[in-house]
Amino acid sequence: MVKRLFTTNKMTFIFILLGLVIFLFIIVPLIRMVAASDPNILVDTLFDTEVRNAIWLSLYAALIATGVGFILGVPLAYLLARHEFPGKKIIEGLIDVPIVIPHTAAGIALLFVFGRNFFAGRVFNVMGIDFVDSTAGIVVAMLFVSIPFLIDSAKEGFKKVDVRLEKVARTLGASPWQTFFRVSLPLAWRSIVSGSIMMWARGMSEFGAIIILAYHPMIAPTLIFERFESYGLAYSQPVAVLLILLCLFVFIVLRTLVHRGEKA
Amino acid sequence: MIQVRNLCVDLGDFALHDVNLDVKPGEYFIILGPTGAGKTVLLESIAGLHQLKSGQIWLGGKEVTRLESEKRGISIVYQDQALFPHLSVRDNITFGLKLRKKTGQEIEATLNWLAELLSIPHLLNRRPDTLSGGERQKVALARALSIKPQLLLLDEPLSALDPENREGVQRELRRLHNQVKVTTVHVTHDFEEAIALGDRIAVLGDGCIKQIGTSEQIFRQPNSEFVARFAMVRNIFTGEVTGGNGENAVFCTEDTKLAVVTDLRGKCHASLRPEDILISHAPFHSSARNSFCGTITSVTDKGSILYLTVTLPPDFICLVTRNSFEAMGLGEGNKVYITFKASAVHIF
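Protein chains in written order, with this note's numbering: chain A, 1 to 264; chain B, 1 to 348.
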């Protein structure tokens with residue numbers, strides 16, 4: 001197999017070279033940074049409460065954002081996969097907007113709704129939820145920038161479920177709800193889970209939108225930025241390494257779980 | 001059993017106009033039409049899976065036009081079976097029973113009955129993707145019958161199967177229908193399938209019903225060019241196959257005995273393409289084992305080709321080119337010999 005790959009033709013050879021360049025571009029900085037870190041300092045950093053709190057907050061806020069995204073995003077994904085209606089293309093385009101706009105701009109936009117002087121901010125304020133400089137603000141920012149990943153992936157998953165399976169379920173006596181929970185959802189489950197993982201990972205890595213809405217409490221990317229600004233490279237690097245290792249670990253574990261489910 | 005009154009459906013790509021059907025209790029009813037005629041849409045509309053533009057559907061004397069499909073008791077089997085890929089064969093078959101909150105015992109009893117009926121007890125723990133086409137079809141039928149439907153809808157149940165499986169499943173459908181007596185509406189584009197299975201046939205084209213009748217009526221008296229295109233292009237005979245094994249079989253219809261090649265025995269149908277029949281003035285000695293003398297009773301001129309009806313009896317429709325027709329000086333009332341190979345006759 002490997003041999004065939006290299007002997008096929010010139011095009012394959014050139015594509016391999018080009019692919020190698022971009023692959024190294026991704027992997028070398030990460031390896032360099034991890035390799036350059038002193039294990040002792042890493043361990044010290046691990047016991048730094050500020051760092052631990054920041055990383056924990058990142059994980060946990062991204063998880064809440066993913067949970068909210070799941071409950072609100074999956075039904076929309078199903079609607080988009082199953083129904084044709086005027087303006088559908090526009091809606092699909094708008095859902096992807098958070099991916100393409102600068103995230104600091106996204107943060108500003110969110111302030112206009114969830115800020116203390118604006119409508120939604122005030123409504124939630126009455127309920128005791130404040131979005132400025134709070135965990136709720138972090139969740140909202142993460143949700144905004146990462147929800148497209150879940151919706152798009154879930155939509156593709158639902159599209160792959162043959163409509164006739166749903167029709168058969170209906171004729172066999174299943175209500176629309178039963179059909180959704182017994183047929184559509186289980187069959188699209190893998191796409192939904194991998195979309196959720198992507199959403200969670202994307203939420204955890206968000207920085208721009210979050211610092212506008214909630215610089216404090218500090219999530220890990222904010223802490224890295226703060227240490228880099230105040231103390232320089234040497235102090236920000238261990239935190240960055242920890243965060244990357246943790247993200248990689250979680251990401252690999254989840255991907256493996258989903259992948260194993262695929263084979264079973 | 002089921003009455004469809006002035007049914008109109010508009011789905012953009014497909015539309016049905018003013019469809020009227022009357023299927024009797026226990027009947028095996030065929031809807032015959034080419035691809036794109038709207039057959040699947042019609043079935044799905046009967047099952048309540050499409051919004052009607054207008055019209056009514058009555059089931060067992062009750063109007064169900066606006067009843068949700070899960071409350072109709074109408075099962076559907078699709079061409080590619082549409083088994084739930086995430087469930088075992090057992091869970092596929094019991095899907096509808098579990099929704100009906102049947103007790104474990106009832107479910108088990110129905111499951112066993114169906115497994116026996118379709119001879120699939122050994123498949124119950126398998127996953128749908130490990131089954132052959134014929135097996136999948138049986139599971140789909142078992143699942144559809146599990147809810148004891150008032151009406152069974154079959155959407156091209158044989159066309160996804162390879163030829164060997166197809167004959168088996170076709171016989172299975174016949175047997176099943178005789179045994180369970182469930183009113184069945186079966187759509188197909190295959191004329192032979194329609195004749196072999198259907199008590200009555202409705203021909204559907206461009207979203208309208210063109211003709212309804214027994215297979216005899218449809219192919220002897222097609223009421224339109226459209227129906228004729230389906231029916232007239234071939235000779236269909238009903239008769240009985242007797243004789244020894246395989247190649248020595250004889251198909252007997254209206255006192256004419258045809259040499260045929262088939263393993264089927266008993267009451268059967270035979271089809272023969274008009275272009276496979278050779279016409280000559282004198283007996284034609286060749287390897288073809290069927291040669292008969294008859295009279296040309298009608299000539300249909302289609303331009304460069306002509307269809308002749310040669311009556312023995314029965315009537316054989318034969319195709320000749322204009323050149324041959326003129327060179328041989330053929331005409332109505334002429335005595336001619338028709339010759340065709342045993343293998344040109346398809347028994348089904």
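Even for Gly, the Cβ is constructed at its ideal location relative to N, Cα and C. Here the structure is a predicted model, which is why all the values come from computation and not from measurement.
Burial state of residue i (16 or more Cβ within 10 Å)
i                 : result
ILE347 of chain B : buried
GLU68 of chain B  : exposed
THR183 of chain B : buried
MET1 of chain A   : Its pLDDT being 49, under 50, MET1 of chain A is placed unreliably in this model, and the value from its coordinates should be taken loosely. When all chains shown are included, MET1 of chain A counts as exposed.
CYS318 of chain B : buried
PHE13 of chain A  : exposed
VAL145 of chain A : buried
GLU108 of chain B : exposed
VAL89 of chain B  : buried
ILE16 of chain A  : exposed
ALA35 of chain A  : exposed
GLN137 of chain B : buried
TRP56 of chain A  : exposed
ASP18 of chain B  : exposed
ASP155 of chain B : buried
ALA264 of chain A : Low per-residue confidence applies at ALA264 of chain A: pLDDT is 46, beneath 50, and the placement is therefore not dependable, though the value from the model is reported in the following sentence. By the 10 Å Cβ count, ALA264 of chain A comes out exposed.
LYS10 of chain A  : exposed
SER191 of chain A : buried
MET198 of chain A : buried
Opening and closing residue of the beta strand (DSSP E) in which residue i lies
i                 : result
PHE237 of chain B : 235-243
TYR337 of chain B : 335-340
GLY205 of chain B : 200-205
ASN53 of chain A  : Careful: ASN53 of chain A lies outside any beta strand (DSSP E), inside the alpha helix (DSSP H) at 49-82.
ASP22 of chain B  : 15-23
HIS269 of chain B : 266-272
LEU153 of chain B : 151-155
GLN56 of chain B  : 54-59
ASN290 of chain B : 290-301
Chain B contact residues for residue i, given Cβ-Cβ distances below 7 angstroms
i                 : result
PRO186 of chain A : HIS86
GLN237 of chain A : Going along chain B, no residue has its Cβ under 7 angstroms from GLN237 of chain A, so there is no contact; the nearest lies around 47 angstroms.
VAL285 of chain A : As displayed, chain A neither begins before 1 nor continues past 264, which places residue 285 of chain A out of reach and without an answer.
Partner residues on chain A for residue i, Cβ-Cβ distance less than 7 angstroms
i                : result
LEU49 of chain B : LYS167, ARG170
Limits of the alpha helix (DSSP H) - the one that residue i falls within
i                 : result
ARG202 of chain A : 185-204
ARG428 of chain B : What is shown of chain B runs 1 to 348, which leaves residue 428 of chain B out entirely.
ALA282 of chain B : Looking at the DSSP string, ALA282 of chain B is not in any alpha helix (DSSP H), and its letter there is neither H nor E.
PHE316 of chain B : Run containing PHE316 of chain B: none in the alpha helix (DSSP H); it sits in the beta strand (DSSP E), 315-321.
LYS98 of chain B  : 89-99
ALA259 of chain B : Counting along the chain, ALA259 of chain B falls outside any alpha helix (DSSP H), though it belongs to the beta strand (DSSP E) covering 256-260.
GLY137 of chain A : 135-159
LYS39 of chain B  : 39-46
SER146 of chain B : 133-146
Chain B residues whose Cβ lies nearer than 9 angstroms to that of residue i
i                 : result
GLY157 of chain A : Those do not exist, as GLY157 of chain A stays about 13 angstroms from chain B at its closest Cβ, beyond 9 angstroms.
Under 9 angstroms by beta carbon: chain A residues contacting residue i
i                : result
GLY96 of chain B : ALA169, THR171, LEU172, GLY173, ALA174
ALA82 of chain B : ASP162, ARG164, LEU165, LYS167, VAL168
LEU16 of chain B : The contacting residues do not exist; LEU16 of chain B stays about 17 angstroms from chain A at best.
Residue i beta carbon near the ligand ZN (any heavy atom closer than 8 angstroms)
i                 : result
VAL183 of chain A : This structure lacks the ligand ZN; in fact it carries no ligand of any kind.
> Is there contact here, the stretch 21-33 of chain B with the stretch 80-97 of chain A, by at least three beta-carbon pairs under 8 angstroms?
Replying inline: no
> Can you list, in chain order, the residues of the stretch 28-48 of chain B whose Cβ is nearer than 9 angstroms to any Cβ on chain A?
Replying inline: Residues of the stretch 28-48 of chain B that bring their beta carbon within less than 9 angstroms of a beta carbon in chain A comprise GLU44, ALA47, GLY48, in sequence order.
>> Using a Cβ distance threshold of 8 angstroms, determine whether the stretch 43-57 of chain B contacts the stretch 217-230 of chain B, with at least three qualifying pairs required.
In response: no
> Can at least three beta-carbon pairs, one atom from the stretch 111-118 of chain B and one from the stretch 134-149 of chain B, be found at a separation below 8 angstroms?
Replying inline: yes
>> With three or more beta-carbon pairs closer than 8 angstroms as the criterion, would you say the stretch 25-32 of chain A touches the stretch 224-236 of chain A?
In response: no
> Taking a cut of 7 angstroms between CB atoms, which residues from the stretch 173-194 of chain B lie near chain A?
Replying inline: Listed by position along the chain: nothing, the set is empty.
>> Using a Cβ-Cβ cutoff of 7 angstroms, what residues of the stretch 145-163 of chain B are near chain C? List them in chain order.
In response: Judged by its chain identifiers, the structure shown contains no chain C, and its protein chains are A and B.
> Taking Cβ-Cβ distances below 7 angstroms as the criterion, which residues of the stretch 57-82 of chain B are in contact with chain A?
Replying inline: SER69, GLU70, ILE74, SER75, ILE76, TYR78, ALA82
> What residues in the stretch 99-110 of chain B have a beta carbon less than 9 angstroms from any beta carbon of chain A?
Replying inline: LEU99, ARG100
> Taking one C-beta from the stretch 79-98 of chain B and one from the stretch 126-135 of chain B each time, how about it: are there three or more such pairs within less than 8 angstroms?
Replying inline: Touching, yes, given that three or more Cβ pairs across the two stretches are closer than 8 angstroms.
> Are the stretch 135-145 of chain A and the stretch 188-206 of chain A in contact at 8 angstroms, needing three or more beta carbon pairs?
Replying inline: yes
> Looking at C-beta atoms only, is the number of pairs between the stretch 168-181 of chain A and the stretch 121-137 of chain A that lie closer than 8 angstroms three or more?
Replying inline: Counting C-beta pairs closer than 8 angstroms gives fewer than three between the stretch 168-181 of chain A and the stretch 121-137 of chain A, which falls short of the contact rule.
> Is it true that the stretch 216-225 of chain A meets the stretch 240-249 of chain A, where meeting means three or more beta-carbon pairs spaced less than 8 angstroms apart?
Replying inline: yes
> Taking one C-beta from the stretch 274-283 of chain B and one from the stretch 332-341 of chain B each time, how about it: are there three or more such pairs within less than 8 angstroms?
Replying inline: yes
> Pairing CB atoms from the stretch 191-200 of chain B with CB atoms from the stretch 34-43 of chain B, are three or more of them under 8 angstroms?
Replying inline: Contact between the stretch 191-200 of chain B and the stretch 34-43 of chain B is absent, because fewer than three Cβ pairs lie under 8 angstroms.
> Taking three-plus beta-carbon pairs below 8 angstroms as touching, is the stretch 155-169 of chain B in contact with the stretch 245-259 of chain A?
Replying inline: The answer is no - the stretch 245-259 of chain A does not touch the stretch 155-169 of chain B, with fewer than three Cβ pairs under 8 angstroms.
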